[in-house]
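*Asks:* Structure incoming, see below.
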Amino acid sequence: MTNKFFQLIGGDADIGSSKLFWIGFVIVVVLFCLYPTQVSEFRASNVAYYLLNIPLGLGIALLWGYCGVLSFGHVAYFGIAGYTYGIIAGNMAGNAYGPMVGVLGGLVASIIVAGVFAYFVFYARVREWIIPILTLVLTLILETFLGQTAGYQWRVGSVLLGGYNGMTGIPAFQIGSFVFMGYSFYYFCLIIVLACYVGLRMLLNSNFGQVVIAIREDPLRTEMLGYDIRARQWLVFVLSAVLASVSGLLYVQWGQYITPSQVGLYAAALPIIWAAVGGRTSLLAVVIATIVLNWVTYTLSSQGNQAAMVIIGTALVVTMLFFPRGIVIMVAEWLGQISNRNKPVDKVSAHE
Amino acid sequence: MSNGIALETRGVNKRFGGVVAANDVNLRVESGELRCIIGPNGAGKSTLFALLCGIQRADSGQIFIHEHDVTRMQQFKRVRLGVGLTFQTNRAYQELSVKQNLAIPNPGLSHTSERHELAKERLEIALNGFDLDPQDETIAGELPHHKLQWLEISMVLAGYPDLVLIDEPTAGMSRDETDRTADILKELNANGLTIIVVEHDIHFVKSVAQKVTVLHQGKIFMEGNVADVTADEEVKKIYLGHAH
Chain E
37 MTNKFFQLIG
47 GDADIGSSKL
57 FWIGFVIVVV
67 LFCLYPTQVS
77 EFRASNVAYY
87 LLNIPLGLGI
97 ALLWGYCGVL
107 SFGHVAYFGI
117 AGYTYGIIAG
127 NMAGNAYGPM
137 VGVLGGLVAS
147 IIVAGVFAYF
157 VFYARVREWI
167 IPILTLVLTL
177 ILETFLGQTA
187 GYQWRVGSVL
197 LGGYNGMTGI
207 PAFQIGSFVF
217 MGYSFYYFCL
227 IIVLACYVGL
237 RMLLNSNFGQ
247 VVIAIREDPL
257 RTEMLGYDIR
267 ARQWLVFVLS
277 AVLASVSGLL
287 YVQWGQYITP
297 SQVGLYAAAL
307 PIIWAAVGGR
317 TSLLAVVIAT
327 IVLNWVTYTL
337 SSQGNQAAMV
347 IIGTALVVTM
357 LFFPRGIVIM
367 VAEWLGQISN
377 RNKPVDKVSA
387 HE
Chain L
-18 MSNGIALETR
-8 GVNKRFGGVV
2 AANDVNLRVE
12 SGELRCIIGP
22 NGAGKSTLFA
32 LLCGIQRADS
42 GQIFIHEHDV
52 TRMQQFKRVR
62 LGVGLTFQTN
72 RAYQELSVKQ
82 NLAIPNPGLS
92 HTSERHELAK
102 ERLEIALNGF
112 DLDPQDETIA
122 GELPHHKLQW
132 LEISMVLAGY
142 PDLVLIDEPT
152 AGMSRDETDR
162 TADILKELNA
172 NGLTIIVVEH
182 DIHFVKSVAQ
192 KVTVLHQGKI
202 FMEGNVADVT
212 ADEEVKKIYL
222 GHAH
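Here it is, written out as structure tokens:
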């Protein structure tokens, strides 16, 4: 049982399976756990923002990197979950269970939209290259719709959708009477991100995940081995939409507001860039790129620097030209080669 | 072996614009047969395979696999009736390891007959005969061409089919490799596997086939044993391009 567990975590669906890697992994996690004890609540909260974007990036890695389907509009599910949470938790303000119901409602709303959309896309066997366009159109329609919801006629219960100014005063997450703010919200994000990473890594090392990778490599060959690839693609699409929703929920709980620009073109491009720059075929690479690129964007834009978009765009172009499989992946491979070169009798070490 | 019909088509037609790829094809393959389908380029051999598997839909006519009418059935469901297909251009997963290639097919998906043990034996025959190791971590794309062909045949067998359609397995192989492929296919057939092979290599056809079907311009031109077919003057004319 535990053996099977370690096989699933340690399998080669993601970079890093050596003992050294896992020691480093644990050290980094411990450092992330200790970080809030060394910094102000404000700084911890900033880092929580970088963390809360990771599930969205992982969703793109799962769908695009591992299943070969590019969605240019996964922020739609980020937004649907965020807005739904705002509506439900806002209307239940004062009720300790409000945020929990809001989380559930947000996830259900996203799953329904993603499920219906993906049904038509995959069961109609829509060509692969059309899917990015369809997904982008969906999120832009959502942005346009939300943008014109200014005014009191767009009130759901006691919550205003708020047009381009967005929805404000969204309640923070709470369990019982414990409200997740500042430091506690940081740990909340950290636990969720770890769970998403480990869970996905296990999924992709499982038989299910191997078939998902096979679909990416050759859909027709995989179908001709007896797999209903439509059903698998549908499931992976919905699962990645759930991951995007997790980020959307954490985002509104973190900032307590959301605007239509969160589902706009710029926001839609960002997770694609995180995945491309880090390397979409590795979960860990996307995690690292998400943290670093969010840190860069956040730091630059909080200094009033308008160049953030230009720098992120440049990072994408440089990646495409010089690191086509992703910077983190190619660095990891390079490190792997170095450590192999330092082990001249690698036949002996392979027998350990 | 049971004497059921593994595969049957009744009046199957398929056109691509003005090109007739299948013209009233009535094919009948018994369980346990090793059938070769030959014909010049463009005779409709690969299209016939695509129609049988559901990659293409017939314009008219009916297709039966193990006496199930599969004419309107999705391709993955046909596979689950116990059919395996290798493609004309090799489609093993070149970026994945040999181990992964052989682990991805799921025997549980194919029809659950009492013949599972037999299917397992066949896979063993192929793996031993083709010298493939299911634990091999080598990336498939690094294998030589003939090994890749053998890998795809083994992958298909790892799904435990009892009817396999093999499209030009020996194209690009050396004489030795072709002979080895023929030997293994004959051994698999002796074990009860029904095999239909599309092939150009007459030497190969002569060494494996029990019965040969000649396709020409989408039509079944002739059917019979190897000696008769290869000796036939009309067949020579269309297939070997001998204008008399």
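As given, the protein sequences belong to chains E and L, one line each in that order. Residue numbers for the first sequence follow the working numbering, so the first one is 37 and each next one is one higher. Residue numbers for the second sequence follow the working numbering, so the first one is -18 and each next one is one higher. Glycine included, C-beta positions come from ideal geometry on N, C-alpha and C.
1) Using a Cβ-Cβ distance under 8 Å, would residue 224 of chain L count as near chain E?
2) From the beta carbon of residue 247 of chain E, is the nearest beta carbon of chain L less than 8 Å away?
3) Would you identify the three-state DSSP class for residue 203 of chain L, choosing helix, strand or coil?
4) Assign residue -10 of chain L to one of three DSSP states: helix, strand, or coil.
5) Leaving out the 5 sequence neighbours to the left and right, which residues in its chain are closer than 6 Å to residue 224 of chain E when beta-carbon positions are compared?
6) In angstroms, rounded to a whole number, what distance separates the CA positions of residue 384 of chain E and residue 40 of chain E?
7) Name, please, each residue of chain E whose Cβ falls closer than 8 Å to the Cβ of residue 140 of chain L.
8) Would you check if there are 3 or more beta carbon pairs closer than 8 Å linking the stretch 182 to 192 of chain L to the stretch 163 to 174 of chain L?
9) Does the stretch 73 to 82 of chain L come within contact of the stretch 149 to 160 of chain L, defined as at least 3 CB pairs closer than 8 Å?
10) So if I threshold CB-CB distances at 8 Å, which residues from the stretch 222 to 254 of chain E count as touching chain L?
11) Using 8 Å as the limit for Cβ to Cβ distance, is residue 257 of chain E near chain L?
12) Return no unless some Cβ of chain E is closer than 8 Å to the Cβ of residue 81 of chain L.
13) Can you round the beta-carbon distance between residue 355 of chain E and residue 363 of chain E to whole angstroms, since I take them to be within the 8 Å contact cut?
14) So, are the CB atoms of residue 136 of chain L and residue 73 of chain L less than 8 Å apart?
15) From the DSSP output, read off the bridge partner residues of residue 17 of chain L.
16) CB residue 272 of chain E to CB residue 94 of chain E, shorter than 8 Å?
17) Per DSSP, which residues does residue 78 of chain L bridge with? Please list them.
18) If you drop the 5 nearest sequence neighbours on each side, which residues of the same chain put their C-beta closer than 7 Å to that of residue 320 of chain E?
19) Comparing alpha-carbon positions, which option in L/140, L/191 and L/-2 lies nearest residue 167 of chain L?
20) Could you say if the stretch 272 to 281 of chain E and the stretch 137 to 152 of chain E meet the contact criterion of at least three C-beta pairs nearer than 8 Å?
21) Take residue 127 of chain E as the anchor and find which of E/266, E/180, E/66 and E/196 has the nearest alpha-carbon.
22) Counting Cβ pairs closer than 8 Å, one from the stretch 41 to 53 of chain L and one from the stretch -10 to 3 of chain L, do we hit at least three?
23) Would you tell me roughly how many angstroms separate the C-alpha atoms of residue 0 of chain L and residue 23 of chain L, rounded to the nearest one?
24) Any beta carbon of chain E sitting closer than 8 Å to that of residue -18 of chain L?
25) Using a Cβ-based criterion (distance less than 7 Å to any ligand heavy atom), does residue 4 of chain L qualify as near the ligand GTP?
26) Mind checking which residues open and close the alpha helix (DSSP H) that includes residue 2 of chain L?
27) Per DSSP, what are the beta-bridge partners of residue 211 of chain E in this structure?
28) Looking at the secondary structure, which residues open and close the beta strand (DSSP E) in which residue 32 of chain E lies?
29) Check whether the stretch 108 to 122 of chain E and the stretch 297 to 312 of chain E touch, using three or more Cβ-Cβ pairs below 8 Å as the test.
30) Tell me the start and end of each unbroken beta strand (DSSP E) in the stretch 134 to 160 of chain L that is at least 3 residues and wholly inside, in chain order.
31) For residue 202 of chain L, return the contacting residues in chain E, with the cut-off set at a CB-CB distance below 7 Å.
32) Does the separation of the CB atoms of residue 63 of chain L and residue 138 of chain L fall below 8 Å?
33) Check residue 60 of chain E in the structure and name its three-state DSSP category.
34) Using 8 Å as the limit for Cβ to Cβ distance, is residue 176 of chain L near chain E?
35) Short of 6 Å in beta carbon distance, which residues of its chain neighbour residue 31 of chain L, apart from the five on each side in sequence? Order them along the chain.
36) Is there a Cβ from chain L that is less than 8 Å from the Cβ of residue 388 of chain E?
*Replies:* The answer reads as follows:
1) As a working mapping, residue 224 of chain L is identified with position 243 in the second sequence. Interpretation of residue 224 of chain L is limited by its pLDDT of 47, a score under 50 that renders its predicted location unreliable; no figure is taken from the coordinates.
2) Working through the first sequence from its first residue, we reach residue 247 of chain E at position 211. Answer yes: the Cβ-Cβ gap between residue 247 of chain E and chain L drops below 8 Å somewhere.
3) Counting from one through the second sequence, the residue named residue 203 of chain L turns up at place 222. Strand.
4) The residue given as residue -10 of chain L occupies position 9 in the second sequence. Strand at residue -10 of chain L.
5) Taking the first residue of the first sequence as position 1, residue 224 of chain E is located at position 188. The residues are 216.
6) Counting from one through the first sequence, the residue named residue 384 of chain E turns up at place 348. Counting from one through the first sequence, the residue named residue 40 of chain E turns up at place 4. Its pLDDT being 38, under 50, residue 384 of chain E is placed unreliably by the model, and the measurement read from it follows with that caveat. Their backbone Cα atoms lie some 25 Å apart in a straight line.
7) Position 159 of the second sequence, counting from 1, holds the residue named residue 140 of chain L. Simply 261 and 262.
8) yes
9) no
10) 243, 246, 247, 249, 250, 253 and 254
11) Counting from 1 along the first sequence, the entry for residue 257 of chain E is found at position 221. Closer than 8 Å to some Cβ of chain L, the Cβ of residue 257 of chain E qualifies, so yes.
12) In the second sequence, counting from the first residue as 1, residue 81 of chain L sits at position 100. By this cut-off, residue 81 of chain L is an interface position.
13) Residue mapping note: residue 355 of chain E aligns to position 319 of the first sequence, counting from 1. Residue mapping note: residue 363 of chain E aligns to position 327 of the first sequence, counting from 1. Confirmed, about 6 Å.
14) Residue 136 of chain L sits at position 155 when you count from the first residue of the second sequence. Residue 73 of chain L sits at position 92 when you count from the first residue of the second sequence. Yes, Cβ-Cβ distance for residue 136 of chain L and residue 73 of chain L is below 8 Å.
15) The residue given as residue 17 of chain L occupies position 36 in the second sequence. Residue 17 of chain L pairs with L/178 and L/193.
16) As a working mapping, residue 272 of chain E is identified with position 236 in the first sequence. As a working mapping, residue 94 of chain E is identified with position 58 in the first sequence. Taking 8 Å as the Cβ cut-off, residue 272 of chain E and residue 94 of chain E do not qualify as a contacting pair.
17) Stepping through the second sequence from its first residue, residue 78 of chain L is reached at position 97. Per DSSP, L/120.
18) Here residue 320 of chain E refers to the residue found at position 284 when the first sequence is read from its first residue. Contacts found: 50, 51 and 52.
19) For this step, residue 167 of chain L is matched to residue 186 along the second sequence. Nearest of L/140, L/191 and L/-2 to residue 167 of chain L, Cα basis: L/191.
20) yes
21) Numbered from its first residue, the first sequence carries residue 127 of chain E at position 91. For the residues E/266, E/180, E/66 and E/196, the minimum Cα distance to residue 127 of chain E belongs to E/196.
22) yes
23) Position 19 of the second sequence, counting from 1, holds the residue named residue 0 of chain L. Position 42 of the second sequence, counting from 1, holds the residue named residue 23 of chain L. The straight-line gap from Cα to Cα measures roughly 10 Å.
24) Residue mapping note: residue -18 of chain L aligns to position 1 of the second sequence, counting from 1. The pLDDT assigned to residue -18 of chain L is 43, lower than 50, so where the model puts this residue is not dependable; a value taken from the coordinates is nonetheless given after this. Closer than 8 Å: no.
25) By its list of ligands, the structure shown contains no ligand whatsoever, and the ligand GTP lies outside what it can speak to.
26) Stepping through the second sequence from its first residue, residue 2 of chain L is reached at position 21. Premise fails: residue 2 of chain L lies in the beta strand (DSSP E), 0 to 6, not in any alpha helix (DSSP H).
27) Numbered from 1 along the first sequence, position 175 holds the residue referred to as residue 211 of chain E. BP columns for residue 211 of chain E point to E/214.
28) No statement about residue 32 of chain E is possible, as the shown extent of chain E runs from 37 to 388 and does not include it.
29) yes
30) 144 to 148
31) As a position in the second sequence, residue 202 of chain L is number 221, starting the count at 1. Those do not exist, as residue 202 of chain L stays about 28 Å from chain E at its closest Cβ, beyond 7 Å.
32) Numbered from 1 along the second sequence, position 82 holds the residue referred to as residue 63 of chain L. Numbered from 1 along the second sequence, position 157 holds the residue referred to as residue 138 of chain L. No, the Cβ-Cβ distance between residue 63 of chain L and residue 138 of chain L is not below 8 Å.
33) For the purposes of this step, residue 60 of chain E is taken as residue 24 along the first sequence, with counting starting at 1. Residue state, collapsed to three classes: helix.
34) Within the second sequence, numbered from 1, the residue matching residue 176 of chain L stands at position 195. It does not; no Cβ of chain E falls within 8 Å.
35) The residue given as residue 31 of chain L occupies position 50 in the second sequence. Once the five neighbours on either side are set aside, the close Cβ partners of residue 31 of chain L are 37.
36) One-based indexing of the first sequence puts residue 388 of chain E at position 352. Annotation note: pLDDT 33 at residue 388 of chain E (below 50); position unreliable, no value reported.
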